[in-house]
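Q: In the working numbering, the protein residues as written are -8 to 317.
All C-beta atoms, glycine included, are put in the ideal place defined by N, C-alpha and C.
Predicted model, so just to flag it, every value in this text is computed and none were measured.
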């Protein structure tokens, strides 16, 4: 979720449009329209990379033929398979009801006390999804968007969810060519995702990157067109194109404030996130960043070269050799 800093528990910024993701949405659309592609797509990134925003905002960028269902796993029960699949069904039905479809054909959930009820796995695969696909017709696609997929993998590893649950999800895509699944996860979970073939192929795992300058300016201008491109370029440079920090910036673009004041406020909002990122670095990585920061502070207008960093390390008490630096 695009949350972070001291406000991480209270401020959800995933509704703020992120520019520069059009190619990703086109990639998802092309994948969905290829009914021979029977695997999921995954988008990974560090905290604040805009994973939740990517999924939430998808309907605004893809063809109307793609009916997307946002399923935030952080908000769902992950220790009861039947309860989880029930939420999938409820949310899917809610989304379908917003379209001009006749809902009479779509099967209703059985009573919890019905002892003769078909197991949820079978009912979803054999009854519910076939009728849903019949209702939306062959030219449309149903897309499940599973946010924070790493939480589901955690639940499986702990034994809270069946070991074959991911295989079951893949079986749904195999039996229903109109069904697609897109997941998001933290970058640290890439190795676990790589082990999920055939549900996920190696080529179907994509990293979310920082935004380039043009995308950052487009995102910021949408929020505050009265700032100059020069000022917004400074803001991009200060944030490094980090989507979460840029999202914070869009909420702080006050015409009565200077760009320096706004940058200070953005750093304040991102302080906890920055501290966590710093703590995750190896000591040598911290030293190199310290060198870059100090050299840039000493001469903000000069380019920092590898030789500059090497001299800084050599003249400091840091225990690093040239191999560590390079």
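Suppose you measure from the CA of residue 298 to the CA of residue 258; what does that come to, to the nearest Å?
A: By 1-based counting over the chain shown, the position of residue 298 is 307. By 1-based counting over the chain shown, the position of residue 258 is 267. C-alpha separation (whole angstroms): 29 Å.
Q: In this structure, how does DSSP classify residue 302 when only helix, strand and coil are distinguished?
A: Here residue 302 corresponds to residue number 311 of the chain shown, with the count starting at 1. Residue state, collapsed to three classes: helix.
Q: Could you name the residues that DSSP lists as bridge partners for residue 5?
A: Working through the chain shown from its first residue, we reach residue 5 at position 14. In the DSSP output, where bridge partners are listed per residue, residue 5 has none listed.
Q: Decide if residue 306 is buried, meaning its Cβ has at least 16 other Cβ atoms within 10 Å, or exposed.
A: Taking the first residue of the chain shown as 1, we reach residue 306 at position 315. With fewer than 16 other Cβ atoms within 10 Å, it is exposed.
Q: Between residue 201 and residue 118, what straight-line distance do the alpha-carbon atoms span, to the nearest angstrom?
A: Translated into the one-based positions of the chain shown, residue 201 becomes position 210. Translated into the one-based positions of the chain shown, residue 118 becomes position 127. Looking at the two C-alpha atoms, the distance is approximately 43 Å.
Q: Cutting at 8 Å between CB atoms, please list the residues of its own chain near residue 96, excluding the five before and the five after it.
A: Looking up residue 96 in the chain shown gives position 105. Closer than 8 Å at Cβ, skipping near neighbours: 122, 125, 126.
Q: Keeping to the same chain, check which residues put their C-beta closer than 6 Å to that of residue -3; ignore five residues upstream and five downstream.
A: Within the chain shown, numbered from 1, the residue matching residue -3 stands at position 6. Annotation note: pLDDT 39 at residue -3 (below 50); position unreliable, coordinate value reported separately. Excluding positions up to five away in sequence, the list reads 263.
Q: Distance check for residue 212 and residue 94, CA to CA, integer angstroms please.
A: As a working mapping, residue 94 is identified with position 103 in the chain shown. As a working mapping, residue 212 is identified with position 221 in the chain shown. Looking at the two C-alpha atoms, the distance is approximately 42 Å.
Q: Quick one: what's residue 287 bridged to in DSSP?
A: Walking along the chain shown from the start, residue 287 turns up at place 296. None, per the DSSP bridge assignment.
Q: Residues in its own chain within less than 7 Å of residue 98 by CB, not counting five upstream and five downstream?
A: On the chain shown, position 107 is the one that residue 98 refers to. Closer than 7 Å at Cβ, skipping near neighbours: 118, 119, 122.
Q: Please report the distance separating the alpha-carbon of residue -6 from that of residue 173.
A: Taking the chain shown and counting its residues from 1, one reaches residue -6 at position 3. Taking the chain shown and counting its residues from 1, one reaches residue 173 at position 182. For residue -6, the predicted structure reports a pLDDT of 42, less than 50, and the residue's modelled location is therefore unreliable. A value from the coordinates is still provided. Computed Cα separation, rounded: 21 Å.
Q: If you measure between the beta carbons of residue 244 and residue 254, is that distance less than 8 Å?
A: Residue mapping note: residue 244 aligns to position 253 of the chain shown, counting from 1. Residue mapping note: residue 254 aligns to position 263 of the chain shown, counting from 1. Against a cut-off of 8 Å, the Cβ pair of residue 254 and residue 244 comes out as no contact.
Q: Report the rounded CA-to-CA distance for residue 223 versus residue 158, giving the unit in angstroms.
A: Residue numbering aside, residue 223 sits at position 232 when the chain shown is read from its first letter. Residue numbering aside, residue 158 sits at position 167 when the chain shown is read from its first letter. The alpha-carbon atoms of residue 223 and residue 158 are separated by roughly 46 Å.
Q: Could you tell me if the beta carbon of residue 300 falls within a distance shorter than 7 Å of some heavy atom in the ligand GDP?
A: Among the components modelled here there is no ligand, and therefore nothing to report on the ligand GDP.
Q: Just tell me which of 69, 168, 175 has its CA closest to the CA of residue 38.
A: The residue given as residue 38 occupies position 47 in the chain shown. Checking every option, the nearest Cα to that of residue 38 belongs to 175.
Q: Is residue 11 buried or exposed, if buried means 16 or more other CB atoms sit within 10 Å of its CB?
A: Along the chain shown, one-based indexing puts residue 11 at 20. Counting Cβ neighbours within 10 Å, residue 11 comes out buried, since at least 16 surround it.
Q: Are the beta-carbon atoms belonging to residue 155 and residue 42 less than 8 Å from one another?
A: Translated into the one-based positions of the chain shown, residue 155 becomes position 164. Translated into the one-based positions of the chain shown, residue 42 becomes position 51. Contact flag unset, no.
Q: Can you give me the C-alpha to C-alpha distance between residue 282 and residue 288, rounded to a whole angstrom?
A: For the purposes of this step, residue 282 is identified with residue 291 of the chain shown, where counting begins at 1. For the purposes of this step, residue 288 is identified with residue 297 of the chain shown, where counting begins at 1. Taking the straight line joining both Cα atoms gives about 10 Å.
Q: Whole angstroms are fine: how far does the CA of residue 186 sit from the CA of residue 86?
A: By one-based count along the chain shown, residue 86 stands at place 95. By one-based count along the chain shown, residue 186 stands at place 195. In a straight line, the C-alpha of residue 86 is about 31 Å away from that of residue 186.
Q: Just mark residue 189 as buried or exposed, buried being the case when its beta carbon has 16 or more other beta carbons within 10 Å.
A: As a first step, residue 189 is located in the chain shown; it is residue number 198 there, counting from the start. It is exposed - the Cβ of residue 189 has fewer than 16 other Cβ atoms within 10 Å.
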